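Notes for the one structure printed next.
2 protein chains.
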Amino acid sequence: MTDSLSQAFAALADPTRRDLVARLTDGDATVSQLAAPYQVSVQAISKHLKVLEQAGLVSRAAAGHRSPVHLEAEVFDLMTKWIERYRQRAEARYRRLDAVLAQLDDEEAGHRPTREEETA
Amino acid sequence: MTDSLSQAFAALADPTRRDLVARLTDGDATVSQLAAPYQVSVQAISKHLKVLEQAGLVSRAAAGHRSPVHLEAEVFDLMTKWIERYRQRAEARYRRLDAVLAQLDDEEAGHRPTREEETA
DNA sequence: GGTTTCGTCAACCAATCGGTTGAGAATTCG
DNA sequence: CGAATTCTCAACCGATTGGTTGACGAAACC
């Protein structure tokens, strides 16, 4: 499970981490700021941020203390592309299926073997 | 982790399951057909399909034997929308930041306090 | 009808996950 | 400098995950 896409999807599979991402769209924030609203310990949030960081969804300005957590857009694009790619392939298949069914209708109805336009 | 989005992301966090989804864009298939290319047992693939099904990414025509597994597009849309929503919010923030920086430049340069148009 | 093939359920196992507490390093503040 | 705050590392715990093997019910085929 070391590949980038698996890490990204796994990172967003947790509601707390998705909420962190959502809040980071309002602007960068420190760990303690991010941890404040939740009931869990700061260490737990620190762990969540580590997961997000390792997935490339988030970055830190400096390594040190109190340096704000920053949202990174690139990996989101990667996920969107994966999803859209296969969603579109699925839709394309349905369109082909529709075309085939329409053709069958045509042939059954009028027995017209000469179809000129086929938008494959 | 019962919410729909968590289940969907978790389902796609596994490379084998993503591969199953990818192959299903070529058309419906039975469990044994899907299981054939992998080294793992048929039971393992059956488990993977159960995960995908529970996440709503996949459906079965009939409950019974040999009924083909079918790709479901709806939940993909859900994921895309979530990702795109926050990606766009992040981008909007950068645009606002750019605007603020531009405004600061303006004010420093020309000291024009009357701004009429603010596309909040 | 009998056999074979297909798919799932059950029990088990090692590894990972999300959480805890405790300790410690480093930065900021008085 | 000394003290308080911020953040992370380490060890531990219960639950979940991805895999296995074995058994079994239900279609499909002869």
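Protein chains in written order, with the working numbering: chain S, 1 to 120; chain B, 1001 to 1120. A virtual CB, placed ideally from N, CA and C, is assigned to each residue, including glycine. Values in this document were obtained by computation on a predicted structure and should not be read as measured data.
Residue i vs residue j beta-carbon contact at 8 Å
| i | j | result |
| --- | --- | --- |
| VAL69 (chain S) | ARG17 (chain S) | no |
| PHE1009 (chain B) | PHE76 (chain S) | no |
| SER1006 (chain B) | PRO15 (chain S) | yes |
| LEU71 (chain S) | THR30 (chain S) | no |
| ALA1013 (chain B) | ALA73 (chain S) | no |
| GLY1027 (chain B) | ARG93 (chain S) | yes |
Per-residue DSSP class, three states only, for residue i
| i | result |
| --- | --- |
| ALA10 (chain S) | helix |
| ALA1090 (chain B) | helix |
| ALA1029 (chain B) | strand |
8 Å Cβ cutoff, residue i in contact with chain B
| i | result |
| --- | --- |
| TYR86 (chain S) | yes |
| ASP19 (chain S) | no |
| PRO15 (chain S) | yes |
| ALA62 (chain S) | no |
| THR80 (chain S) | yes |
| ALA55 (chain S) | no |
| SER32 (chain S) | no |
Chain S contact for residue i (CB, 8 Å cutoff)
| i | result |
| --- | --- |
| GLU1091 (chain B) | yes |
| GLY1027 (chain B) | yes |
| ILE1045 (chain B) | no |
| ASP1098 (chain B) | no |
| SER1141 (chain B) | Given a span of 1001 to 1120 for chain B in the structure shown, any question on residue 1141 (chain B) remains unanswerable. |
| SER1041 (chain B) | no |
Original post:
Which ranges does the beta strand (DSSP E) cover as unbroken runs of at least 3 residues, wholly within the stretch 1035-1064 of chain B, from first to last along the chain?
Top reply: 1058-1060
Original post:
If contact means a Cβ-Cβ distance below 7 Å, which residues of the stretch 1062-1076 of chain B contact chain S?
Top reply: LEU1071, ALA1073 and PHE1076
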